[in-house]
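Engineer: Just dropping this structure here.
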Amino acid sequence: MDEMTVTGSPRTAGVLPGIILLAIAGYFGFVVALAQYYGAALSFGLPTGAQAGIAALLGVAGALYFLIADDVRSAPKFAFGLIGLGVVCFLVGSYYGLFVAPPESYMGEVQRIMYVHVPSAWNAMLGLTFAFICAIVFLFRPSWAWDARLEGSIEVSVLLAFLLCCQGAIWAKPTWGVWWDWDPRLTTTAVLLFAFVGILALRRFVEDPMKRGVWSSVATIIAYVDVPIVYFSVKWWNSLHQQPSNPGTVSKQFYLPLRMNAFAILFIMTGFIMLRARIAALRLEQELAPPPVSDAEAGETVEAIGEAI
Amino acid sequence: MNGVVTGGWGFVWAAYSLTAAALLLYGVTLITRLREERSRVARERETQ
Numbered sequence: 133m134d135e136m137t138v139t140g141s142p143r144t145a146g147v148l149p150g151i152i153l154l155a156i157a158g159y160f161g162f163v164v165a166l167a168q169y170y171g172a173a174l175s176f177g178l179p180t181g182a183q184a185g186i187a188a189l190l191g192v193a194g195a196l197y198f199l200i201a202d203d204v205r206s207a208p209k210f211a212f213g214l215i216g217l218g219v220v221c222f223l224v225g226s227y228y229g230l231f232v233a234p235p236e237s238y239m240g241e242v243q244r245i246m247y248v249h250v251p252s253a254w255n256a257m258l259g260l261t262f263a264f265i266c267a268i269v270f271l272f273r274p275s276w277a278w279d280a281r282l283e284g285s286i287e288v289s290v291l292l293a294f295l296l297c298c299q300g301a302i303w304a305k306p307t308w309g310v311w312w313d314w315d316p317r318l319t320t321t322a323v324l325l326f327a328f329v330g331i332l333a334l335r336r337f338v339e340d341p342m343k344r345g346v347w348s349s350v351a352t353i354i355a356y357v358d359v360p361i362v363y364f365s366v367k368w369w370n371s372l373h374q375q376p377s378n379p380g381t382v383s384k385q386f387y388l389p390l391r392m393n394a395f396a397i398l399f400i401m402t403g404f405i406m407l408r409a410r411i412a413a414l415r416l417e418q419e420l421a422p423p424p425v426s427d428a429e430a431g432e433t434v435e436a437i438g439e440a441i
Numbered sequence: 016m017n018g019v020v021t022g023g024w025g026f027v028w029a030a031y032s033l034t035a036a037a038l039l040l041y042g043v044t045l046i047t048r049l050r051e052e053r054s055r056v057a058r059e060r061e062t063q
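As they're listed, the protein sequences go chains A and B. Quick note: the first sequence, position 36, residue 168 per our numbering, numbers continuous. Quick note: the second sequence, position 33, residue 48 per our numbering, numbers continuous.
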């Protein structure tokens, strides 16, 4: 187990690779789409599918780099930077989603909910995937920093999964006529949400840090099995929920707000996990610290040592 | 009835407002909790 200290010398991980990965991802993710709105071609001739693929891969890689390179002890300036960038992207993406993008042919204005619903879904799954990675690393290479990252990623992903369910219910009412339906996609998502809420509750109830880390890691690995089930539920079973979209099935006019908000929530989620992991690390440090020795106890110890000598 | 959803801006605003409010509130609680933990650690260091 590595030592958890706040005032020690934190590992200064270079963040440049993470910044480069996120910059390239952002370029192909929304800068190219933004330029297209105004008639400029900045895609280097790459087809839309390739742009989306590069943006998704490098965006995920950049976020994971920040989360893994972050030592949960240094000042959280990069976390605040990512959150600030995410807020700006969210404001711009929501402006385009609400006021610039046209309404969809059948769902009309209600389809605009997609620009917050789908990014929440993608990032909730990504956050839980990071929690899964943390759980595996903690079990095979125990380190309190990974336990702190596990707690942070689960809590932030639960928030996104909760928002996902609420946004979905708000979208379902005008399109399906009901707030909720026990459809495979909705049911498996609800199971996922409650499973990870249960893991957070487990972490609150178990006092021993080692037992807490191991039990919640094992529970995370088991609960994560539901993530691919959520994704494939619309393919495996008859579902009211639509099939997953891809660049070939989404109109060009809908790209920009969707991708911009996806990156916005990715940046915000990454920053939130980095902050939340710091809170968990500070609490762990307090739990793992040796109990303070009073002056009387110290005196008795000295006398006992003297007698023994 | 032609299968096209009409209106619905209220639902759209509800979804966006809920998302923005939840993220904002959670962010504020994170900053508050981080400050509390840091000041608690600092207090404990002083008493030791």
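By construction, the Cβ of each residue, glycine as well, lies at the ideal position given by its N, Cα and C atoms.
Note down the Cα distance separating Gln-375 (chain A) from Ala-409 (chain A), rounded to an integer number of angstroms.
Structural biologist: Roughly 35 Å separates the two Cα atoms.
Engineer: Checking 8 Å against the spacing of the C-beta atoms, do Trp-28 (chain B) and Glu-241 (chain A) come in under that value?
Structural biologist: no
Engineer: Is there a C-beta anywhere in chain A that falls below 8 Å from the one on Ala-36 (chain B)?
Structural biologist: Chain A contact via Cβ: absent.
Engineer: Going by other Cβ atoms of all chains shown within 10 Å of its Cβ, with 16 needed for buried, is Ala-442 (chain A) buried or exposed?
Structural biologist: Residue 442 (chain A) cannot be examined here, being either before or after the span of chain A that is shown, 133 to 441.
Engineer: Using the Cβ count rule (16 or more neighbours within 10 Å means buried), how would you classify Ser-54 (chain B)?
Structural biologist: exposed
Engineer: Closest to Ala-155 (chain A) by C-alpha separation, out of A:Phe-404, A:Ile-405, A:Trp-303 and A:Ala-195, would be which residue?
Structural biologist: Taking each of A:Phe-404, A:Ile-405, A:Trp-303 and A:Ala-195 in turn and checking the Cα distance to Ala-155 (chain A), the smallest one comes out for A:Ala-195.
Engineer: For the alpha helix (DSSP H) that contains Asn-370 (chain A), what are its first and last residues?
Structural biologist: Where Asn-370 (chain A) is concerned, there is no enclosing alpha helix (DSSP H), given that its DSSP letter is neither H nor E.
Engineer: Work out the CA separation of Ser-206 (chain A) and Leu-416 (chain A) for me, nearest whole Å.
Structural biologist: 15 Å
Engineer: Among A:Asp-340, A:Leu-390 and A:Thr-320, which one has its Cα closest to the Cα of Leu-362 (chain A)?
Structural biologist: Sequence check: residue 362 (chain A) is Val here, not Leu. The residue with the shortest Cα to Cα distance from Val-362 (chain A) is A:Thr-320.
Engineer: What does DSSP give as the partner residues of Gly-240 (chain A) in its beta bridges?
Structural biologist: Under DSSP, Gly-240 (chain A) forms a beta bridge with A:Glu-236.
Engineer: Closest Cβ-Cβ distance between Gly-240 (chain A) and chain B: below 8 Å?
Structural biologist: yes
Engineer: I need the straight-line Cα distance from Phe-337 (chain A) to Val-359 (chain A), nearest angstrom please.
Structural biologist: 25 Å
Engineer: Given Val-329 (chain A), which residues of its chain have a CB within under 8 Å of its CB, disregarding the five upstream and five downstream residues?
Structural biologist: Val-290
Engineer: Alpha carbon to alpha carbon, how far is Trp-278 (chain A) from Leu-49 (chain B)? Give it in angstroms, no decimals.
Structural biologist: 18 Å
Engineer: Anything in chain A within Cβ reach of Arg-48 (chain B), meaning under 8 Å, just list it in chain order.
Structural biologist: Ile-411
Engineer: Count the other CB atoms within 10 Å of the CB of Thr-47 (chain B); is the residue buried (16 or more) or exposed (fewer)?
Structural biologist: exposed
Engineer: Whole angstroms are fine: how far does the CA of Val-288 (chain A) sit from the CA of Met-401 (chain A)?
Structural biologist: A direct Cα-to-Cα measurement between Met-401 (chain A) and Val-288 (chain A) gives close to 7 Å.
Engineer: Tell me the residue span of the alpha helix (DSSP H) that contains Trp-276 (chain A).
Structural biologist: For Trp-276 (chain A), the enclosing alpha helix (DSSP H) stretches over residues 276-308.
Engineer: Spell out whether any CB of chain A is found under 8 Å from the CB atom of Glu-52 (chain B).
Structural biologist: yes
Engineer: Per DSSP, what kind of secondary structure is Ser-175 (chain A) in: helix, strand or coil?
Structural biologist: coil
Engineer: Does the beta carbon of Val-43 (chain B) sit closer than 8 Å to a beta carbon anywhere in chain A?
Structural biologist: no
Engineer: Against chain B, does Glu-283 (chain A) count as a neighbour if the rule is that its beta carbon must be under 8 Å from one of theirs?
Structural biologist: no
Engineer: Reducing DSSP to helix, strand and coil, say where Phe-270 (chain A) ends up.
Structural biologist: In this structure, Phe-270 (chain A) counts as helix in the three-state DSSP scheme.
Engineer: Decide yes or no for the touch test of the stretch 157-164 of chain A against the stretch 173-191 of chain A: beta carbon pairs closer than 8 Å, at least 3 of them.
Structural biologist: With the cut-off at 8 Å, the stretch 157-164 of chain A and the stretch 173-191 of chain A touch.
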